[in-house]
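Numbering-wise (the numbering used here), the sequence shown opens with residue 19 and increments by one. Written out below as structure tokens is the structure these notes cover.
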Amino acid sequence: MDHCIYCHHRLYYLSDGMVKCSVCKKKYSPARIHQIKNVMQAFCADENALNASNLLGLTYVTVLNYYQKFRHLCAEYCEEQYHLHRTSDSQYEEYLYIEKSKRRDKTAIFDAHNFLTFSYGERVYTLLMPSLGMFKQQFVEDNLEEVYHKEFSKFMRTSKIIKISEHDNAITKFWHYFEQFITGFKGVSSEHFPYYLKEAEFKFNTPIEKRTKILEGLYFREIS
Numbered sequence: 019m020d021h022c023i024y025c026h027h028r029l030y031y032l033s034d035g036m037v038k039c040s041v042c043k044k045k046y047s048p049a050r051i052h053q054i055k056n057v058m059q060a061f062c063a064d065e066n067a068l069n070a071s072n073l074l075g076l077t078y079v080t081v082l083n084y085y086q087k088f089r090h091l092c093a094e095y096c097e098e099q100y101h102l103h104r105t106s107d108s109q110y111e112e113y114l115y116i117e118k119s120k121r122r123d124k125t126a127i128f129d130a131h132n133f134l135t136f137s138y139g140e141r142v143y144t145l146l147m148p149s150l151g152m153f154k155q156q157f158v159e160d161n162l163e164e165v166y167h168k169e170f171s172k173f174m175r176t177s178k179i180i181k182i183s184e185h186d187n188a189i190t191k192f193w194h195y196f197e198q199f200i201t202g203f204k205g206v207s208s209e210h211f212p213y214y215l216k217e218a219e220f221k222f223n224t225p226i227e228k229r230t231k232i233l234e235g236l237y238f239r240e241i242s
């Protein structure tokens with residue numbers, strides 16, 4: 019490591035093994051930077067946190083905490099990119115996602131994640147809509163969950179037809195990608211779902227060979 023990760027000027031090595039920038043004067047451990055970059059590469063290569071922790075000899079909690087930070091950075095980057103291109107021609111469609119294991123449960127409609135998918139060129143932008151969860155208890159008490167279950171089932175049948183018959187565009191490609199991506203996790207809580215959605219958006223929009231470089235810039239900018 020010859021150049022500062024923050025300002026890219028020359029480094030000099032200290033007797034305690036740390037390095038210090040000749041210009042911005044920041045001091046840090048090359049070993050820790052190396053560790054962060056390794057975890058970042060695993061994240062960008064779609065290694066789950068457990069596999070990455072085993073491969074890198076780190077605790078699962080350590081890797082998971084890094085992954086959560088990376089997901090937040092992905093969300094910020096996606097927002098920045100969309101605002102840069104929002105004046106481009108675009109289209110959008112609504113998507114309703116519910117875990118496959120819950121799709122026969124009549125009350126599970128209230129656990130569904132509803133989001134809009136916008137496309138601009140070959141890129142997509144997602145916008146998560148409010149959850150129906152706040153209405154669940156009242157609808158169950160009024161025996162209306164059957165109505166919503168039927169509507170959900172009809173939607174799923176319709177959406178499958180759309181995915182097959184509609185011309186191949188960025189939106190439908192992303193839906194296929196997202197379904198495969200999210201099933202790689204053993205359930206995602208509603209609290210964390212928005213960040214997993216943005217991780218999928220970032221990875222769909224960004225070639226794998228460019229992901230690490232982008233995240234490195236975001237991560238070290240964040241802590242500078």
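Here a beta-carbon is modelled for each residue, glycine too, at the ideal position from N, C-alpha and C. These numbers come from a predicted model, not from an experiment.
Alpha carbon to alpha carbon, how far is residue i from residue j?
{"i": "residue 118", "j": "residue 109", "result": "27 Å"}
{"i": "residue 134", "j": "residue 61", "result": "25 Å"}
{"i": "residue 39", "j": "residue 233", "result": "21 Å"}
{"i": "residue 146", "j": "residue 53", "result": "33 Å"}
{"i": "residue 132", "j": "residue 208", "result": "11 Å"}
{"i": "residue 193", "j": "residue 199", "result": "10 Å"}
{"i": "residue 45", "j": "residue 37", "result": "6 Å"}
{"i": "residue 237", "j": "residue 231", "result": "10 Å"}
{"i": "residue 129", "j": "residue 191", "result": "24 Å"}
Of all the options the options, which has the alpha carbon lying nearest to the alpha carbon of residue i?
{"i": "residue 138", "options": "96, 47, 188, 195", "result": "188"}
{"i": "residue 210", "options": "224, 89, 48", "result": "89"}
{"i": "residue 68", "options": "58, 82, 111, 59", "result": "82"}
{"i": "residue 115", "options": "98, 201, 44, 50", "result": "201"}
{"i": "residue 100", "options": "148, 136, 228, 111", "result": "136"}
{"i": "residue 196", "options": "237, 74, 142, 231", "result": "142"}
{"i": "residue 235", "options": "95, 112, 49", "result": "95"}
Any idea if residue i is buried or exposed, counting beta-carbon neighbours within 10 angstroms, 16 or more meaning buried?
{"i": "residue 226", "result": "exposed"}
{"i": "residue 183", "result": "Unreliable positioning characterises residue 183 in this predicted model, as indicated by a pLDDT of 42, which lies under 50. The coordinate reading is nonetheless provided below. Result: exposed."}
{"i": "residue 103", "result": "exposed"}
{"i": "residue 79", "result": "exposed"}
{"i": "residue 222", "result": "buried"}
{"i": "residue 70", "result": "buried"}
{"i": "residue 144", "result": "buried"}
{"i": "residue 179", "result": "In this prediction, residue 179 has a pLDDT of 39, which is less than 50 and means its spatial position is unreliable; nothing more can be read from the coordinates."}
{"i": "residue 229", "result": "buried"}
{"i": "residue 42", "result": "exposed"}
{"i": "residue 239", "result": "exposed"}
Segments assigned alpha helix (DSSP H), at least 4 residues, entirely inside the stretch 63-88: 67-74
Cβ contact (3+ pairs, closer than 8 Å) linking the stretch 80-96 and the stretch 214-221: At 8 Å Cβ cutoff, the stretches touch.
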